[in-house]
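**Student:** Sharing a structure here in structure tokens format.
Chains as they are written, first to last, in our numbering: chain A, 53 to 167; chain B, -7 to 104.
Below, the structure written as structure tokens:
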């Protein structure tokens, strides 16, 4: 079983829809949670960065972390064709230990928003 | 300046060639990373530098040799690569190890 599970999709939605992307994880040491967006043949772009449980909002994007369920989500409101990309969740443990600073990625979800 | 830059954008090399990839950031970050990404897969960590010292080597073959000449610059020297090493090579940086990482655009490497 992978440490981080992410449904690869593909996910296809109409413009204006609310998109929900999710990851589950098994390592209870993970404390930092990130979402990256990656366009084809480009580097990943950091969208959201959260520490521990809770919600964080930035424009059309909302990240949620539920550590009790080991589940994180990214919501995209009013989705646009320009949101079409691969979305990667990533997480890392707290300070201390040899894995500190190492990101563990999900497999990525391919999203297409059609006009 | 909030960018990580990488050169070259594309590189084609033979198995006997020696080449280098370059990464630069001017955000004052003290942690820099090399990742390898194959098609339709997430990035895989190769090396971590913290305050210009190698802190993590993910058992990468010796044909990949990282170098951090100063706090803004990170190189990856390539020698005697194999065709299966063809991939997108990504550089990232963070303020210190453990903070959020910012990625460059990558170098697309093809080994013939």
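Even glycine gets a Cβ: it sits at the ideal position worked out from N, Cα and C.
Select from the segment 90 to 113 of chain A all residues with a C-beta closer than 9 Å to any C-beta belonging to chain B, and list them in chain order.
**Tutor:** So the list reads 90, 93, 94, 95, 96, 97, 98 and 101, given in the order they occur along the chain.
**Student:** Going straight from the alpha carbon of residue 1 of chain B to that of residue 165 of chain A, what length do you get?
**Tutor:** Spanning the two alpha carbons is a distance of roughly 28 Å.
**Student:** Using 9 Å as the limit for Cβ to Cβ distance, is residue 6 of chain B near chain A?
**Tutor:** Taking Cβ atoms only, chain A never reaches closer than 9 Å to residue 6 of chain B, which makes this a no.
**Student:** How far does the beta strand (DSSP E) with residue 72 of chain A in it extend, from its first residue to its last?
**Tutor:** Residues 71 to 77.
**Student:** Apply the 10 Å Cβ neighbour rule to residue 28 of chain B and answer buried if 16 or more other Cβ atoms are within range, or exposed otherwise.
**Tutor:** Buried, by the Cβ-count rule.
**Student:** For residue 103 of chain B and residue 124 of chain A, what's the separation of their Cα atoms in angstroms?
**Tutor:** Taking the straight line joining both Cα atoms gives about 38 Å.
**Student:** Taking DSSP's pairing of strands, which residues face residue 86 of chain A in a bridge?
**Tutor:** Residue 86 of chain A pairs with A:101 and A:142.
**Student:** On the three-pair Cβ rule with 8 Å, is the segment 55 to 73 of chain B touching the segment 63 to 78 of chain A?
**Tutor:** Verdict: no, contact absent.
**Student:** Whole angstroms are fine: how far does the CA of residue 160 of chain A sit from the CA of residue 33 of chain B?
**Tutor:** Near 7 Å, if we compare the C-alpha coordinates of residue 160 of chain A and residue 33 of chain B.
**Student:** Assign residue 76 of chain B to one of three DSSP states: helix, strand, or coil.
**Tutor:** Three-state result, residue 76 of chain B: helix.
**Student:** So which residues on chain A does residue 68 of chain B lean against when the C-beta distance must stay under 9 Å?
**Tutor:** None at all; the shortest Cβ gap to chain A is about 15 Å.
**Student:** Roughly how many angstroms lie between the CA atoms of residue 65 of chain A and residue 133 of chain A, to the nearest whole one?
**Tutor:** Answer to the nearest angstrom: the Cα atoms are 9 Å apart.
**Student:** Measuring alpha carbon to alpha carbon, tell me which of B:19, B:74, B:69 and B:3 ends up nearest residue 26 of chain B.
**Tutor:** Per the Cα distances, B:69.
**Student:** May I ask which residues mark the beginning and end of the beta strand (DSSP E) holding residue 70 of chain B?
**Tutor:** 65 to 71 is the span of the beta strand (DSSP E), which, as asked, contains residue 70 of chain B.
**Student:** Would you list the one or two residues that DSSP bridges to residue 58 of chain B?
**Tutor:** In DSSP, residue 58 of chain B forms a bridge with B:68.
**Student:** Report the option in A:96, A:83, A:82 and A:62 whose CA atom is closest to the CA atom of residue 140 of chain A.
**Tutor:** Comparing Cα positions, the closest option is A:96.
**Student:** List the endpoints of the continuous beta strand (DSSP E) containing residue 31 of chain B.
**Tutor:** Counting along the chain, residue 31 of chain B falls outside any beta strand (DSSP E), and DSSP gives it neither H nor E.
**Student:** Along the chain, where does the beta strand (DSSP E) containing residue 123 of chain A start, and where does it finish?
**Tutor:** Looking at the DSSP string, the run of the beta strand (DSSP E) that includes residue 123 of chain A is 123 to 128.
**Student:** Please report the distance separating the alpha-carbon of residue 4 of chain B from that of residue 19 of chain B.
**Tutor:** Approximately 30 Å, taken between the alpha carbons.
**Student:** Give a yes or no on whether the minimum CB-CB distance between residue 33 of chain B and chain A is below 9 Å.
**Tutor:** True, the Cβ-Cβ gap to chain A drops below 9 Å.
**Student:** In three-state DSSP terms, what is residue 59 of chain A?
**Tutor:** Residue state, collapsed to three classes: coil.
**Student:** The beta strand (DSSP E) that contains residue 100 of chain B, what's its start and end?
**Tutor:** Per DSSP, residue 100 of chain B belongs to the beta strand (DSSP E) from 99 to 103.
**Student:** Return helix, strand or coil for residue 134 of chain A, following the three-state DSSP convention.
**Tutor:** Helix.
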